[in-house]
Amino acid sequence: MVRFYSNAMARIWHSTITAIAALLCLSAESGAEQFCTRVVGIDTCTSTVYVESTSMLSVQDTIIVYQSQGAITNSDGDLIGLGHAGEWSIHTVAMISQHTIVLRPNVPYYDTEGSVQVCRVLGGSVVRITSNLNVLPFADGVGGICSIVADTVELGAIIDAAGRGFRGGWGSLNSYDTCVQETSNTWLSGIGGGKGVGLSTEDERFNAGRGNRDIGGGGGNARNAGGGGGGSVAGRGGNGGFQTSEFGSLPLGGHGGTSVLFHSTHRVFLGGGGGGGHQNDHLGTAGGAGGGVVLIIAKVIKWLENGRILVSGSGAETAIADGAGGGGGGGTIWILCDSVVIPKPLHRPFQLGLQGGAGGRTFSEYRRYGPGGGGAGGVAILSASVRSTPLTANVEGGVAGRVYTADSSNGVDGYGAEAGANGIVLGDASIPEYAIQPCSDTVILLRVLDTAAPAGSTVSIPIEVELTSPLPVGVSLRIRIRARATSLWPLGPFWWSGRRYTKRYAQITLSPTTERTSVYYIPYQCLLGDSAEVGVVIDSVDVDPPGFRATVLRNGRFQTSDVCYATGSARLFDQTYRPGYPAINDYEAGDPEFMIDLLGRIWRKSDLHSSASAYHQRYFRVLKP
């Protein structure tokens, strides 16, 4: 059970992640469930992510985007390049619509062919883990990762991602082939056990045979050889054991999964799956699954006696007179925090478990059959505040399986099976730069177009709206417009700004079918005031939903037309306008009976009241259309 106690909004306080803190608003959650969904498409221009399900997401949720696969290999499983495998970024959900979410800050590029997923972050002001938290296993491109972002994490139980990484290869189809040397073939051929899943996407033409699939262990070949152990970032998995002694004990065990040898402090990788063993009696075993990923960003971690984080690989099961599977490789623990508080001495042998899984054993009456290779240990990427504490990490590689016969209670030997390499602990956990870049694209562009009209007329101020890309959902704009009161009078609700300008709101609604460029008109009354040309300014734009950005590219000009000019300047009425009073000018010099307003209309002074409030009321009544 995971309990969350939080303020209305959580913040990240770590000094080295100021940039990401400024870009995130972390929602407080209570009793949140783990949730992951596959990403089927990304529009980086609009930061729109298309997912299979949004059923458990809400606006303002904090999520992690994680690409688990996408590495490039050749047909023999050799790792050529990582691509975007292992990359991740944290975002806030700004908008949700059916299978679409908009994220802030902008989502970087991910290759959706490489198993990209969105998972809800366990977040809040305080996250208390009081009983074991079992991480969702990786399956069909989803799961295997747990991320926590909070002010304080109280770890009083186990975060268990052991065996939640890439799955192990299946045991082979039952076949009686012998001495097969092929490194890759289809699993349906029966020549060998299935390859463990790794960083490259699966190709069914090459999903079996003793060649490894990058960090995924190779399957044991016919007949009855053991599968190779899964690899990790840190090291290589062990090779699987020989084929059965009945046919010459040839070294046909699966190759151990390779190491990534890319000690980045911001990429995180699931552990490679172990290869499956070959079988001809339906009693071989599959490879063990690799370990998952646990990622924590916090100001303080309070580590209690029972607190542990496990990302170890799974061991493979024992095979009876058939080949056994290899153990899974260890996963990744990534922790960035300011301080770790340990209230009482810790008595457990380790708090961070990253071991490789044990290779599967084999048992028979007389002959030998290939055991599985051990999985490699995983990698812990820790900030200095964690490494300076008594916390300990177990990064041992998985032991190789052994051969057991009727007269050997402790096993004869590994029969060619090898242990996995040890893992490593790295320092200086860092937020990836691509994950903290502020949003740089603009979705909605606004321009106030120039216009002109004669005094006394109604004028429509044109505002041009341009969309840089189609909108996935409807969007509402609330635009605040400012204009000079003596030249343009709002037709609609408004308020004064400094007694010389009026401000009003204009509402514009956009939809997915809105043209790329549209013009909207805001009504005003044109007055004959103290300027022949004035500016029309957009002060601000409020966007709903908040996942879109709007930018004002230019403000416009309004010109009073049909103005009589003399000596190169506009001849307007002599202004006696005072803020809060009617705009009235003398009709004839010295004439006490008549006055004229800024629209040129004549009024008898006796019809006007003398009080300021009455003048103001008359002014509003006169100037309304």
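The numbering of the sequence shown is this note's numbering, which starts it at 191 and goes up by one.
Here a beta-carbon is modelled for each residue, glycine too, at the ideal position from N, C-alpha and C.
It should be emphasised that the depicted structure is a prediction, and the values quoted were computed from it without experimental measurement.
List the residues that DSSP assigns as beta-bridge partners of G271. Your numbering for residue 271 matches position 81 in the sequence shown. Beta-bridge pairing links G271 to I262.
Bounding residues of the beta strand (DSSP E) (the contiguous stretch that carries V530): The residue given as residue 530 occupies position 340 in the sequence shown. 522 to 531 is the span of the beta strand (DSSP E), which, as asked, contains V530.
Out of curiosity, what's the CA-to-CA distance linking S478 and R357? Counting from 1 along the sequence shown, the entry for residue 478 is found at position 288. Counting from 1 along the sequence shown, the entry for residue 357 is found at position 167. Sequence check: residue 478 is Gly here, not Ser. Distance between the alpha carbons of G478 and R357: 7 Å.
Which of helix, strand or coil DSSP assigns to W360: For the purposes of this step, residue 360 is taken as residue 170 along the sequence shown, with counting starting at 1. Coil, per DSSP.
Output the distance between the C-alpha atoms of M785 and T703, rounded to the nearest integer angstrom. Within the sequence shown, the letter at position 595 stands for residue 785. Within the sequence shown, the letter at position 513 stands for residue 703. Residue placement at M785 cannot be trusted, given a pLDDT of 49 that sits under 50; what the coordinates show is reported in the next sentence. Their Cα atoms are separated by approximately 53 Å.
What did DSSP end up calling A823 once you bin it into helix, strand or coil? There is simply no residue 823 to check, as the chain begins at 191 and stops at 815 in what is shown.
If you draw a straight line from the C-alpha of T658 to the C-alpha of S573, how long is it? Sequence index remark: in the sequence shown, residue 658 carries index 468 (1-based). Sequence index remark: in the sequence shown, residue 573 carries index 383 (1-based). Answer to the nearest angstrom: the Cα atoms are 41 Å apart.
Using 8 Å for Cβ pairs, my map puts V501 next to T475. What's the rounded Cβ distance? Against the sequence shown, residue 501 aligns to sequence position 311. Against the sequence shown, residue 475 aligns to sequence position 285. The Cβ separation is near 22 Å, so there is no contact.
Just how far apart, CA to CA, sit F459 and L389? As a working mapping, residue 459 is identified with position 269 in the sequence shown. As a working mapping, residue 389 is identified with position 199 in the sequence shown. Approximately 8 Å, taken between the alpha carbons.
Neighbour-count burial assignment, H537, 16 or more Cβ in a 10 Å radius: Counted from its first residue, the sequence shown places residue 537 at position 347. The residue is exposed, with fewer than 16 neighbouring Cβ atoms inside 10 Å.
With DSSP run on the structure shown, which of helix, strand or coil describes T391? To locate residue 391, count along the sequence shown from 1; it is residue 201. T391 falls in the coil class under three-state DSSP.
For the segment 308 to 315 against the segment 360 to 376, do three or more pairs of beta-carbon atoms, one drawn from each stretch, fall closer than 8 Å, so that the two count as touching? no
Here's the rule: buried if 16 or more other CB atoms are within 10 angstroms of the residue's CB, otherwise exposed. What is L378? Here residue 378 is taken as the residue at index 188 of the sequence shown, counted from 1. L378 should be labelled exposed.
In whole angstroms, what is the alpha-carbon distance linking Q749 and V733? Mapped onto the sequence shown, residue 749 falls at position 559. Mapped onto the sequence shown, residue 733 falls at position 543. Approximately 30 Å between the Cα atoms of the pair.
Name, in chain order, the residues that DSSP records as bridge partners for Q307. On the sequence shown, residue 307 is found 117 positions in, with the first residue counted as 1. DSSP, once it has assigned bridges, lists R228, Y256 as partnering Q307.
Label K819 either buried or exposed according to how many other C-beta atoms from any shown protein chain fall within 10 Å of its C-beta, with 16 as the threshold for buried. What the structure shows of the chain is the stretch from 191 to 815, and residue 819 is not part of that stretch, so it cannot be assessed.
Using alpha carbons as the reference points, say which of G513, E656, T699, S650 lies closest to L678. Here residue 678 corresponds to residue number 488 of the sequence shown, with the count starting at 1. Closest by alpha carbon: S650.
Just to confirm the assignment: which complete alpha helix (DSSP H) runs, minimum length 4, are found wholly within the segment 636 to 695? none
Name the one or two DSSP bridge partners that T238 has. Locating residue 238 in the sequence shown gives position 48, counting from the first residue. D233, V292, per the DSSP bridge assignment.
Let's test the definition: count the other Cβ atoms within 10 Å of the Cβ of C527 and tell me whether it reaches 16, buried, or not, exposed. Here residue 527 refers to the residue found at position 337 of the sequence shown. Under this definition C527 is a buried residue.
Boundaries of the beta strand (DSSP E) in which S751 is found, first to last residue: Here residue 751 refers to the residue found at position 561 of the sequence shown. Counting along the chain, the beta strand (DSSP E) containing S751 begins and ends at 746 to 751.
Same chain, Cβ closer than 8 Å to T699, five either side skipped, listed in chain order: Taking the first residue of the sequence shown as position 1, residue 699 is located at position 509. Counting only Cβ-Cβ distances below 8 Å, and skipping sequence neighbours, we find G664, V665, S666, L667.
Per DSSP, cross-strand counterpart(s) of H281: Sequence index remark: in the sequence shown, residue 281 carries index 91 (1-based). In the DSSP output, where bridge partners are listed per residue, H281 has I253.
Of all the beta strand (DSSP E) runs that stay within the bounds of the segment 420 to 497, which reach a length of 3 or more residues? 483 to 493
V249 versus H281: straight-line alpha-carbon distance, rounded: Translated into the one-based positions of the sequence shown, residue 249 becomes position 59. Translated into the one-based positions of the sequence shown, residue 281 becomes position 91. Roughly 11 Å separates the two Cα atoms.
Would you check if the distance between the CB atom of G443 and the CB atom of A415 is smaller than 7 Å? As a first step, residue 443 is located in the sequence shown; it is residue number 253 there, counting from the start. As a first step, residue 415 is located in the sequence shown; it is residue number 225 there, counting from the start. Closer than 7 Å, so yes.
According to DSSP, simplified to helix, strand and coil, what is A553? For the purposes of this step, residue 553 is identified with residue 363 of the sequence shown, where counting begins at 1. Just to set this straight, residue 553 is Phe in the shown sequence, not Ala. Here F553 sits in strand by DSSP.
Start and end of the beta strand (DSSP E) containing S708? Along the sequence shown, one-based indexing puts residue 708 at 518. From DSSP, the beta strand (DSSP E) with S708 extends over 707 to 716.
Contacts around Y695, its chain only, beta-carbon distance under 8 Å, and the 5 residues preceding and following it disregarded: To locate residue 695, count along the sequence shown from 1; it is residue 505. Here the set comprises R668, I669, R670, I671, P683.
Go through its chain and collect everything with a Cβ distance to A511's Cβ below 7 Å, but skip five positions before and after it. Here residue 511 corresponds to residue number 321 of the sequence shown, with the count starting at 1. Closer than 7 Å at Cβ, skipping near neighbours: D471, L473, S554, Y559.
Within a Cβ cutoff of 8 Å, which residues of the same chain sit near F396, ignoring the five residues on either side of it in sequence? Translated into positions along the sequence shown, residue 396 becomes position 206. Closer than 8 Å at Cβ, skipping near neighbours: S265, G267, S374, N375, T376, K385, R403.
List in chain order: all unbroken beta strand (DSSP E) runs of 3+ residues lying wholly within the segment 312 to 339. 312 to 319
Euclidean distance between Cα positions of G419 and G543: If you number the sequence shown from 1, residue 419 lands on position 229. If you number the sequence shown from 1, residue 543 lands on position 353. So the two alpha carbons sit approximately 18 Å from each other.
Tell me whether the beta-carbon of G505 lies closer than 7 Å to the beta-carbon of A566. Numbered from 1 along the sequence shown, position 315 holds the residue referred to as residue 505. Numbered from 1 along the sequence shown, position 376 holds the residue referred to as residue 566. Contact: no.
Closest by CA to G520, which one among V423, R551, T582, Q433? Locating residue 520 in the sequence shown gives position 330, counting from the first residue. G520 has its Cα closest to that of V423, out of V423, R551, T582, Q433.
Contact set for A261: own chain, Cβ-Cβ below 7 Å, skip 5 residues either direction: Taking the sequence shown and counting its residues from 1, the one referred to as residue 261 is at position 71. Correct list, in chain order: L269, G271, L272, G273, A275, L389, S390, D404.
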